[in-house]
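Undergrad: In my numbering, the protein residues as written are -7 to 835. One structure follows; several queries about it will come next.
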RNA sequence: GGGCGUUUAGCUCAGUUGGUUAGAGCACUGCCCUUACAAGGCAGGGGUCGGCGGUUCGAGUCCGUCAACGCCCACCA
């Protein structure tokens, strides 16, 4: 075909040009007629669209795309969907801030509601339906922004295979999986103490906790012993004295042995409490004896459960102390004391209690300031409280050792890339201390698809939930009516109640293989893509997304959801600090794409080793850009000579020597990609490419400008080598390689065959010829550089001292070498390697 | 408190089963407008491979130990 090589090739505009062409040509469209063994399926992470765009949003995705492109060229049909994680709290929070609204489910739907231009402060309350509409609207906008970014970055996603975790299909999938978990006994509800975020007013799961160091203080407080003596405890939460249910010490603690079985009286409130023994009590902490409250921390829950203590909960779901005086506080002094903290938040109550205890003399020393870890919801701003409430759980091995062992075993069956990431999974599963709490008292999410019958008193029977038929999914039980009931019976005695809660976002995200593969509505497709080949994701969501997906797949299909888990590293700011919004060091990709080009950003991302934390590095992006420019220019040179010449013309030893090196490179790069090491593939290709341009191109230049068989050999070699380099670079640098490919080839480079050794059959020479010639050329350049003269300076006499093998190799490259060095002849002598060049300027 | 990872040139990082003189790019120095490329090319200087102790003929590489940094986890009275 005729070539169309531009005079001044440029990177400008390549992203949009090729993105548009790939889309219109359907280059990355998934061919669903392929069978499972012909398909490479990727369980793409659905990004949280309400989150900010930052470099972490680019890093892992580009690495995965490079691998996807490699597999596609290697002959696999790549199933590469894209999802948007829009359901859940991040979206609600963004909508609240963006529009200045709060959801109040008690309000009626307002059909004419339009959010104001600027968010009102204080926020206005809107109905659940209005709120959800705002969520849908805003996430749709966010998704466009993300898709544009991905397209600019060149992700070879099939943009017809998209989903959103809140869309109807995802809801149907999520509700069906939940109902099946319920039917098999893997899901259950329970009224129990849960960790509770008082601002979001929802329960949260173990996987969503984080510890934060907070200032606090130890308060040394006296309880009254039976014999009139004092029992001193230390606590960081004196406000909880009112809901204390016991004191505990270690059974072997000599100091308190005598007290076990006796009772003490709480200060101010005068409540009589037992002193008990439990081996979780640490003699070394505080005074060695602790007060157990319902509930101050998770240890309290353990003691409460294992010692069968009463429930005296005072902190309500709104985070405040209940207003009425609890019935267990009988004394008038105690009632008075409680009224002081009634209705307060814990931090306010703490100050008040400290004052009261100080006044009463029960605070025995000044509070001792400390900093200590406090549990927070990872997205929350205030410490979690523990409240009792009914919630839905999915079994995860946290309370069942045989399930735990099974899940550990499954984790070992997964290929972790890099392998040490598997340890994180193992530790997480080993450390689970309860089942997975999936219900959330929120609004924008997949509804728990259940109703409960109401008895004659109008009280729900949670033990007999009413499930919808799978064919009716998705449903919202707060508006849909269960079979056998009339809508008028909602909330009425003898009627029904719809579960008002939604599922946590992970309860749906844990089904991405089933959602993307259309488990519910397209079993044929599902069979072709499941189990998937890889799950690429970040290390921080091994405990959530990876674990929960593995769990759901185990329950539903009895197998691993994927063969490999490729875990990318963490992104750090240019100073190697963790990027965070609050620190203000978040680096966003768009300006960088603007400045360096998408390809340079891809180059940076693919320079980060698999699983290795990587800092944003503008220097690396510059190199990437330079490499892309170099590819354009070198290609222009390699394609600058007449028509295509077949490989049969390649007969010059130096040309065959170059191809021998290239064959080794292909082998090396292929092996690297096979182990998901895109970074090594890039490294070896890049380094080979630079010496190709520095040495080989310079050596054959003069010959290539000529005519005849020797010139034809050069032309054919340049073309073959260029074709190979373009294909090796294509997964990393998709735009520039496609651009050059289009100058002289039909179709997309991304749909051509990955290079193999077969292309070099019968063309391989002695790798030494080019290598030695390159060394001599470098030595001559050095001589010219030392003489501070131009590289065009003629060499009047050139002597090479070398071993016989080298001399033999050099004779094969002599004609090219003389031209490149601008010498007229070479004198050879045997000995250790030295190049002596006399330059024309020396004469 | 436990685990994982990292520590190699001023900076950012490679270094594949232990094997000549430890590599690359950036930055720095010098030279060159050579008809693919001057927002480029060529050449060069620069490192006791975190500390200590082992194994070995030989250790950046394997083992032990300590330290710093990062991340994950932990029952936080």
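All C-beta atoms in this analysis are idealised placements derived from N, C-alpha and C, irrespective of residue type, glycine included.
Could you say which of 783, 181, 544 and 775 lies nearest to residue 828 if we only look at CA atoms?
TA: Translated into the one-based positions of the first chain, residue 828 becomes position 836. Here the closest residue by C-alpha is 775.
Undergrad: Counting only the same chain and skipping the five closest in sequence on each side, list residues whose C-beta sits under 7 Å from that of residue 704.
TA: On the first chain, position 712 is the one that residue 704 refers to. Result list for residue 704: 637 and 641, in chain order.
Undergrad: Do three or more CB pairs link the stretch 148 to 160 to the stretch 357 to 364 at distances below 8 Å?
TA: With a cut-off of 8 Å, the stretch 357 to 364 and the stretch 148 to 160 do not count as touching, because too few Cβ pairs lie within range.
Undergrad: Whole angstroms are fine: how far does the CA of residue 5 sit from the CA of residue 18?
TA: For the purposes of this step, residue 18 is taken as the residue at position 26 of the first chain. For the purposes of this step, residue 5 is taken as the residue at position 13 of the first chain. Distance between the alpha carbons of residue 18 and residue 5 is about 20 Å.
Undergrad: So, for residue 835: in the same chain, excluding its five sequence neighbours on each side, which residues have a beta-carbon less than 7 Å away from its beta-carbon?
TA: As a working mapping, residue 835 is identified with position 843 in the first chain. No answer about residue 835 holds up, because its pLDDT of 45 lies below 50 and its placement is not dependable.
Undergrad: Could you name the residues that DSSP lists as bridge partners for residue 247?
TA: Residue numbering aside, residue 247 sits at position 255 when the first chain is read from its first letter. DSSP output for residue 247 lists no bridge partner at all.
Undergrad: Provide the residue span of the beta strand (DSSP E) that contains residue 226, from first to last.
TA: Residue 226 sits at position 234 when you count from the first residue of the first chain. That run of the beta strand (DSSP E) goes 222 to 227.
Undergrad: Could you tell me the alpha carbon to alpha carbon distance between residue 264 and residue 256, rounded to whole angstroms?
TA: Position 272 of the first chain, counting from 1, holds the residue named residue 264. Position 264 of the first chain, counting from 1, holds the residue named residue 256. Cα to Cα, residue 264 sits roughly 6 Å from residue 256.
Undergrad: Ignoring anything shorter than 3 residues, give me the beta strand (DSSP E) runs that lie fully in the stretch 479 to 566, in order along the chain.
TA: Listed in chain order, they are 488 to 490, 524 to 529 and 554 to 559.
Undergrad: What does a CB cutoff of less than 7 Å around residue 483 pick up in its chain, not counting 5 residues either side in sequence?
TA: In the first chain, the residue the question calls residue 483 occupies position 491. Correct list, in chain order: 489.
Undergrad: Is the stretch 43 to 60 touching the stretch 140 to 152, taking contact as three or more C-beta pairs under 8 Å?
TA: The stretch 43 to 60, when compared against the stretch 140 to 152, does touch it at the 8 Å Cβ threshold.
Undergrad: Where does residue 837 sit, in a helix, a strand or coil, going by DSSP?
TA: Within the shown structure, residues of the chain are numbered from -7 to 835, placing residue 837 beyond reach of any answer.
Undergrad: Hey, out of 756, 750 and 722, whose CA is closest to residue 744's CA?
TA: Reading the first chain from its first residue, position 752 is the one you call residue 744. When only C-alpha atoms are compared, the closest one is 722.
Undergrad: Name the one or two DSSP bridge partners that residue 830 has.
TA: Here residue 830 corresponds to residue number 838 of the first chain, with the count starting at 1. DSSP lists 789 as partners of residue 830.
Undergrad: Could you tell me whether the Cβ atoms of residue 645 and residue 550 are closer together than 9 Å?
TA: For the purposes of this step, residue 645 is taken as residue 653 along the first chain, with counting starting at 1. For the purposes of this step, residue 550 is taken as residue 558 along the first chain, with counting starting at 1. Taking 9 Å as the Cβ cut-off, residue 645 and residue 550 do not qualify as a contacting pair.
Undergrad: Hey, residue 460 and residue 474: beta-carbon distance below 9 Å or not?
TA: Position 468 of the first chain, counting from 1, holds the residue named residue 460. Position 482 of the first chain, counting from 1, holds the residue named residue 474. Contact flag set, yes.
Undergrad: For residue 736 and residue -5, I'd like the C-alpha separation in whole angstroms.
TA: Within the first chain, residue 736 is the residue found at index 744, counting from 1. Within the first chain, residue -5 is the residue found at index 3, counting from 1. Taking the straight line from one Cα to the other gives about 5 Å.
Undergrad: Under three-state DSSP, which class holds residue 835?
TA: One-based indexing of the first chain puts residue 835 at position 843. Note on residue 835: pLDDT 45, under 50, position unreliable in the model; the coordinate value appears next. In the structure shown, residue 835 sits in coil (DSSP, three-state: anything other than H, G, I, E or B).
Undergrad: Compare the C-alpha of residue 92 against each of 659, 114, 701 and 770 and name the closest.
TA: Here residue 92 corresponds to residue number 100 of the first chain, with the count starting at 1. Comparing Cα-Cα distances from residue 92 to each of 659, 114, 701 and 770, the minimum goes to 114.
Undergrad: Three or more C-beta pairs under 8 Å: does that hold for the stretch 276 to 284 against the stretch 232 to 247?
TA: Short answer: they touch.
Undergrad: Report yes or no: do the stretch 557 to 568 and the stretch 521 to 541 share at least 3 C-beta pairs separated by less than 8 Å?
TA: Yes: the two stretches touch, three or more of their Cβ pairs being nearer than 8 Å.
Undergrad: Based on the DSSP output, what are the partners of residue 267 in its beta bridges?
TA: Taking the first residue of the first chain as 1, we reach residue 267 at position 275. DSSP, once it has assigned bridges, lists 239 as partnering residue 267.
Undergrad: To the nearest angstrom, how far is the alpha carbon of residue 26 from that of residue 548?
TA: Against the first chain, residue 26 aligns to sequence position 34. Against the first chain, residue 548 aligns to sequence position 556. Answer to the nearest angstrom: the Cα atoms are 25 Å apart.
Undergrad: Determine the extent of the alpha helix (DSSP H) in which residue 639 is found, giving its start and end residues.
TA: Start at 1 with the first residue of the first chain, and residue 639 comes out as number 647. Neither: residue 639 is in no alpha helix (DSSP H) and is coded neither H nor E.
Undergrad: When the Cα atoms are used, what is the spatial distance from residue 305 to residue 242?
TA: As a first step, residue 305 must be located in the first chain, where it is residue number 313. As a first step, residue 242 must be located in the first chain, where it is residue number 250. Each residue's alpha carbon lies about 25 Å from the other.
Undergrad: Quick one: residues in its chain with C-beta nearer than 8 Å to the C-beta of residue 833, no 5 flanking neighbours on either side, listed in chain order?
TA: The residue you call residue 833 lines up with position 841 of the first chain. Counting only Cβ-Cβ distances below 8 Å, and skipping sequence neighbours, we find 779, 781 and 785.
Undergrad: CB-CB under 8 Å to residue 209, same chain, minus the five flanking residues each way: which ones, in chain order?
TA: Within the first chain, numbered from 1, the residue matching residue 209 stands at position 217. 228, 359, 360, 361 and 362.
Undergrad: Can you give, in chain order, each stretch of the alpha helix (DSSP H) that sits fully within the stretch 132 to 179 and has at least 4 residues?
TA: List check, alpha helix (DSSP H) in window: 160 to 175.
Undergrad: Please list the segments of the alpha helix (DSSP H) lying wholly inside the stretch 674 to 728, counting only runs of 4 or more residues, in order along the chain.
TA: Runs of the alpha helix (DSSP H) inside the stretch 674 to 728: 689 to 697 and 701 to 721.
Undergrad: So residue 262 is in the alpha helix (DSSP H); what residue range does that whole segment cover?
TA: Your numbering for residue 262 matches position 270 in the first chain. Where residue 262 is concerned, there is no enclosing alpha helix (DSSP H), given that its DSSP letter is neither H nor E.
Undergrad: Assuming residue 525 and residue 32 make a contact with CB atoms under 8 Å, what is their CB distance in whole Å?
TA: In the first chain, counting from the first residue as 1, residue 525 sits at position 533. In the first chain, counting from the first residue as 1, residue 32 sits at position 40. Yes, they are in contact, since the Cβ atoms of residue 525 and residue 32 sit about 5 Å apart, within 8 Å.
Undergrad: By a C-beta neighbour count over all protein chains shown, 10 Å radius and 16 as the cutoff for buried, is residue 742 buried or exposed?
TA: Sequence index remark: in the first chain, residue 742 carries index 750 (1-based). By the neighbour-count rule (16 or more Cβ atoms within 10 Å), residue 742 is buried.
Undergrad: Assuming residue 428 contacts residue 197 under a Cβ cut-off of 8 Å, what Cβ separation, rounded to an integer in Å, is found between them?
TA: For the purposes of this step, residue 428 is taken as residue 436 along the first chain, with counting starting at 1. For the purposes of this step, residue 197 is taken as residue 205 along the first chain, with counting starting at 1. Yes, they are in contact, since the Cβ atoms of residue 428 and residue 197 sit about 6 Å apart, within 8 Å.
Undergrad: Which stretch, first to last residue, makes up the beta strand (DSSP E) that contains residue 819?
TA: In the first chain, residue 819 corresponds to position 827, counting from 1. Note, residue 819: beta strand (DSSP E), 818 to 822.
Undergrad: For the stretch 662 to 677 and the stretch 751 to 765, state whether three or more C-beta atom pairs, one from each stretch, are separated by less than 8 Å.
TA: With the cut-off at 8 Å, the stretch 662 to 677 and the stretch 751 to 765 do not touch.
Undergrad: Starting from residue 611 and walking both ways along the beta strand (DSSP E), at which residues does that stretch end?
TA: Within the first chain, numbered from 1, the residue matching residue 611 stands at position 619. Note, residue 611: premise wrong, no beta strand (DSSP E); alpha helix (DSSP H) at 610 to 630.
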